[in-house]
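Chemist: First, the structure itself, so that you have it in front of you.
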Amino acid sequence: MIALASLFLIVVVILIVARIATVALVATGLPYELARFQARSALTGVGFTTSESESIVGHPVRRRIVMVLMLVGNAGFVSLIASVMLSFSSNNPDARDVFFRLSIAIGGLLTIALIARSRVFEQRFTALIASLVDRFTDLELRDYHHLLQLSNDYAVTELAVKAGDWLADKSLANLELPDEGILVLAVQRANGSFIGAPRGDTVIETGDIVVVYGRSAILSDLDDRPDTPSGTHAHIDAVAEHMEIMASQGDDHDD
């Protein structure tokens, strides 16, 4: 029974460590879903070699968090395997005894899983961890992904302006991007100067990097939109589509 108790304790500790790491990664600016996936990947050593892991290895604080997770994961799963073996080892193995221990193990693990997946428990436990991280670390707790409401196909991205692009050599007022549901957050000039919260008279030049917020599909179209009549038609279509979306949202709000 001591071995079974240690098995449950190790599982609980692993879950707690994963949750703490998730909150810590969120505090560095990662979206919650990505932070949770990367924390579990690093802890289990599975799936961490993805393109999204570049956002981890390129950040010093995230890198330290993941290194700790890898060490804890290796030690934890070795201990977990040892506890499982001890739980079912016996000098005089008996089918009823093995079945009894197996039932306790399965029941205990299911109970832990149900508690861990409880939305109420998750919210309260995450809030507790967040308060501890905020109190004992220098990390600024901000989930920028949800702060910017990056859901329902909305995103913040950078557009590189090239010669012949529809964006090039036009002022923001003439581009009328808000009519497409696109907000221009900043402009990085080719000479290194930075324009935050640009106004309507700001001209987008070839070589600029434009930081924009809007629906992913429209942003992708805008990135490839040429300065031709077809590009102008694409703008008109995007405006009409955005008006339809706004109208449907208004109808949903009225209902």
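Following this note's numbering, the residues of the sequence shown are numbered contiguously, the last one being 334. Glycine residues also receive a C-beta, built at the ideal position from the N, C-alpha and C atoms.
#1: Going by other Cβ atoms of all chains shown within 10 Å of its Cβ, with 16 needed for buried, is L88 buried or exposed?
#2: Provide the residue span of the beta strand (DSSP E) that contains A242, from first to last.
#3: Helix, strand or coil: which one does DSSP assign to R115?
#4: Since I283 and A234 are thought to touch, with beta carbons under 8 angstroms apart, how far apart are those beta carbons, to the nearest angstrom?
#5: Specify the secondary structure class of P336 as computed by DSSP and reduced to three states.
#6: Taking DSSP's pairing of strands, which residues face A265 in a bridge?
#7: Could you tell me how far apart the beta carbons of V263 and V289 are, in whole angstroms, since I believe they sit closer than 8 angstroms?
#8: Can you tell me whether H312 is buried or exposed? The criterion is at least 16 other CB atoms within 10 Å of its CB, across all chains shown.
#9: Let me make sure I understand the geometry here. Which of S327, F116, E255, M164 has the alpha-carbon closest to that of A84?
#10: Nearest to P277 by CA position, among G286, R115, Q267, is which residue?
#11: Taking Cβ to Cβ, would you say I297 is nearer than 9 angstroms to E259?
#12: Determine the DSSP secondary structure at S168, reduced to helix, strand or coil.
#13: I need the DSSP call for P305, collapsed to helix, strand or coil.
#14: What does S250 pair with, by DSSP beta-bridge criteria?
#15: State the beta-bridge partners of V235 as determined by DSSP.
#16: Determine the extent of the alpha helix (DSSP H) in which G124 is found, giving its start and end residues.
#17: Would T281 and L251 be called neighbours here (beta carbons separated by less than 9 angstroms)?
#18: Taking the C-alpha atoms as reference points, what is the distance between S158 and A209?
#19: Using the beta-carbon count (16 or more within 10 Å), is S120 buried or exposed?
#20: So what does DSSP say about G186, is it helix, strand or coil?
#21: Checking 9 angstroms against the spacing of the C-beta atoms, do A174 and I144 come in under that value?
Modeler: So, from the data block:
#1: exposed
#2: That residue, A242, is in no beta strand (DSSP E); it is neither H nor E in DSSP.
#3: helix
#4: Wrong, their Cβ atoms sit about 19 angstroms apart, outside the cutoff.
#5: Given a span of 80 to 334 for the chain in the structure shown, any question on residue 336 remains unanswerable.
#6: G275, V290
#7: 6 angstroms
#8: exposed
#9: M164
#10: Q267
#11: yes
#12: coil
#13: strand
#14: V282
#15: Y292
#16: Taken as a continuous stretch (DSSP letters only), G124 belongs to no alpha helix (DSSP H), as it is neither H nor E.
#17: yes
#18: 28 angstroms
#19: buried
#20: helix
#21: no
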